[in-house]
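Visitor:
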Amino acid sequence: MLFLRLTHNELIKIFSKWRSYIGFAALAILMPLIIWGISKGGSGMQQQVERQLSDSFFIVGSLVNGFLATHLVMNFLWIHIPFLVALVAGDVVAGEGGAGTFRIYLTRPISRTRILNTKLAATAIYTILLIIFFALMSLGLGRIWLGGGDLLIMHNGILLLPESAAWARFGLAFLFATGTMLVVAALTFMFSTMVNNGIGPIIGAMAIVIIGLAISNIPISIFEQIQPYLFTSYFDIWQQAFYDPIPWGEIGKGFLLLGIYLAGFLGVSYAIFLRKDITS
């Protein structure tokens with residue numbers, strides 16, 4: 004099938020560039036260090052948890068395990084993962100324009116729409132692979148290194164998830180997080196169709212993400228009125244996978260807004276690329 008062959012070629016192009024491995028290398032180095040640090044400081048974390056819960060619970064065993072470590076890591080890394088996604092998404096179209104290869108492409112009987120479809124599919128596949136690798140390096144390595152057990156969640160009280168339920172909740176969490184990162188990829192991809200240099204789309208996308216995150220988290224009344232309409236306000240939607248009960252209504256509304264942003268970014272991408280004057 005032509006679409007699959009073209010997508011395969013786009014993936015080869017992506018993984019032939021050194022910048023495509025920065026995200027994987029960063030996670031491969033950072034995650035073992037974090038998990039090692041948690042393993043060494045686990046006794047202190049356990050004591051803090053016991054002090055908070057000693058009045059209501061009698062704790063047997065350790066609550067510092069691979070599940071808790073992964074939950075902690077996800078809390079502070081999801082504001083950094085967008086940069087790793089943007090590193091590649093920003094160069095998928097702009098890099099071709101800068102190299103002047105689009106003119107060669109267009110001498111073949113392949114439509115611009117199909118070209119952009121395959122580049123978009125390759126970008127989505129790369130983003131998904133990066134999140135899968137993050138899951139393996141956090142949840143997989145954490146489970147092997149720190150062991151399993153119950154997962155302690157504090158949200159409007161205390162929720163203790165058994166190991167069997169924790170696996171399912173993390174599956175949902177990474178699925179939700181993948182959705183938000185695909186929106187970041189689409190934003191960067193949109194900027195990539197506008198220029199012939201991959202640096203600009205990366206900087207532009209990250210500037211919007213940083214500004215959006217600031218507005219989404221600053222407790223000012225005027226900002227609070229627009230926060231529900233910013234896609235950055237849903238970067239932490241993965242956390243709702245650990246609520247009890249899971250707020251499917253809120254999650255659905257969040258993904259509806261993310262879907263609107265996704266469609267908007269892609270719509271602009273196609274509108275620009277299909278009308279773009281490719282002269283070099």
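For the sequence shown, my numbering gives the first residue as 4, with consecutive numbering after it. Glycine included, every Cβ here is placed at the ideal spot set by N, Cα and C. None of the values given here were measured: they were computed from a predicted structure.
1. Tell me whether residue 193 sits in a helix, a strand or coil according to DSSP, three-state version.
2. Which residues in the same chain as residue 254 place their Cβ atom closer than 6 Å to its Cβ, once the five residues preceding and following it in sequence are excluded?
3. Give me, in chain order, the residues of the same chain whose beta-carbon lies closer than 7 Å to that of residue 258; leave out the 5 immediate sequence neighbours on both sides.
4. Does the stretch 262-274 come within contact of the stretch 170-190, defined as at least 3 CB pairs closer than 8 Å?
5. Using the Cα positions of residue 35 and residue 43, report the straight-line distance between them to the nearest angstrom.
6. How big is the Cα-Cα spacing for residue 175 and residue 167?
7. Taking residue 216 as the reference, give the member of 235, 15, 231, 223 with the closest Cα.
8. Helix, strand or coil for residue 113 per DSSP?
9. Are at least three pairs of beta-carbons, each pair with one atom in the stretch 134-153 and one in the stretch 214-228, less than 8 Å apart?
10. Count the CB pairs spanning the stretch 127-142 and the stretch 193-205 that are closer than 8 Å, and state whether there are at least three.
11. DSSP three-state call for residue 4: helix, strand or coil?
12. Would you say the stretch 115-133 touches the stretch 4-14, given that touching needs at least three Cβ pairs under 8 Å?
13. Go to residue 209, then tell me how far its alpha helix (DSSP H) extends in each direction, as first and last residue.
14. Pick out whichever of 260, 247, 136 has its Cα sitting closest to the Cα of residue 232.
15. Since residue 17 contacts residue 95 with CB under 8 Å, what's their CB separation in whole angstroms?
16. Just the Cα atoms here: how many angstroms apart are residue 218 and residue 132?
17. Going by Cα to Cα distance, which pick from 33, 66, 14, 21 is closest to residue 162?
18. Between residue 22 and residue 90, is the Cβ-Cβ spacing less than 7 Å?
19. DSSP state of residue 161, grouped into three classes?
20. Among the residues of its own chain, which have a CB less than 6 Å from the CB of residue 173, if the five just before and after it don't count?
21. Apart from the five residues just before and just after residue 144, which ones in its own chain have a Cβ nearer than 7 Å to its Cβ?
Guide: Judging by the given coordinates:
1. helix
2. 243
3. If we look at residue 258 and ignore the five residues flanking it on each side, its Cβ neighbours are 182.
4. Yes, they touch.
5. 12 Å
6. 13 Å
7. 235
8. coil
9. In this structure the stretch 134-153 does not touch the stretch 214-228; the number of beta carbon pairs closer than 8 Å is below three.
10. no
11. coil
12. With the cut-off at 8 Å, the stretch 115-133 and the stretch 4-14 touch.
13. 202-220
14. Selection 260, 247, 136 evaluated against residue 232 yields 260 as nearest (Cα-Cα).
15. 7 Å
16. 30 Å
17. 66
18. Result yes, Cβ atoms of residue 22 and residue 90 sit closer than 7 Å.
19. strand
20. 142
21. 34, 35, 38
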